[in-house]
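Residue numbers (the numbering used here): 626 to 935. All C-beta atoms in this analysis are idealised placements derived from N, C-alpha and C, irrespective of residue type, glycine included. Structure first, commentary second.
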């Protein structure tokens, strides 16, 4: 049954979904919510499409096994595209950044947060934003970003935009006047743009710099310096559409709660070894609630940089 469709997910998508919703669930029975034949999973663009497809294959197979549904995996063209896909019922499961999840929830998207990724079995569901420069750069701190071309990830990225905005403000940098802003589109793209000299400095999440790019052979510690680290940020959540059939929704929630981790996935043959199971060096997912993201809402209020996505 394993079937991955990796397609660009754009805001303009307005045709009918490939999934059958509501009472037309494919089984002919009455449903109290949408029960699509195909579950569409939307992912924010943290890495390039091919890398994300490969990284998500074990989880896709797990979801297919546990739900009995085919999975269509779609890599969004922007963070806002995931928000709008969930709003328009074009996606049933969404992988968000903290800011994009908060934006979706607070602008009326019918979704429920399920879990956030953790690096270790007993680890906390938090991470950090890093400010990165080339090893030979004269930049020593965020104060030195003044007059520089700076790579961010996306206006809806928490570690690639929101928390950096707060850090720069604390350093006395007016981002509207003191720097030239470049939106790289992905965390990997932001880091690589700095390494390639397209930006003087940039921001990305810690796992991209510490694990993902080094493991792919695209970044060495001798290539760069970290000149700032943010406060701990609630980790990126997975959310499920609130209007799905309750039984189907519970299967999805239970999968993330008890099975979407390297221990289970290796033991049951979804991946050969832990490093092959989930992207970003993650051990798996830990159950979280909306309350975890209160600190993100606070930074939104302070910086006034969160977008409505409308």
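Check the Cα spacing between residue 752 and each of 902, 822, 794, 917: the tightest is with 917. With respect to the 7 Å criterion, residue 735 and residue 870 are not classified as neighbours on the basis of their beta carbons. In this structure residue 860 is buried. Its beta-carbon is surrounded by 16 or more other beta-carbon atoms within 10 angstroms.
Secondary structure of residue 926 (DSSP, three-state): helix.
Each residue's CA atom was taken as its position, placing residue 690 and residue 727 some 30 Å apart. Remark: C-beta atoms of residue 772 and residue 778 do not approach each other more closely than 7 Å. Judged by their CB atoms, residue 864 and residue 719 are nearer to each other than the 7 Å cut-off. The residues 738, in chain order, have a CB closer than 6 Å to that of residue 915 in the same chain once the five nearest residues on each side in sequence are set aside. Its Cα nearest to that of residue 844, the residue 759 stands out among 688, 759, 661. Using a 10 angstroms sphere on the CB of residue 683, the tally of other CB atoms reaches 16 or more, which defines it as buried. With contacts defined as CB atoms closer than 7 Å, residue 686 and residue 828 fail to qualify as a contacting pair.
Linking residue 762 to residue 783 through their CA atoms gives a straight-line distance of about 25 Å.
Residue 806 counts as exposed, since fewer than 16 other beta carbons sit within 10 angstroms of its beta carbon.
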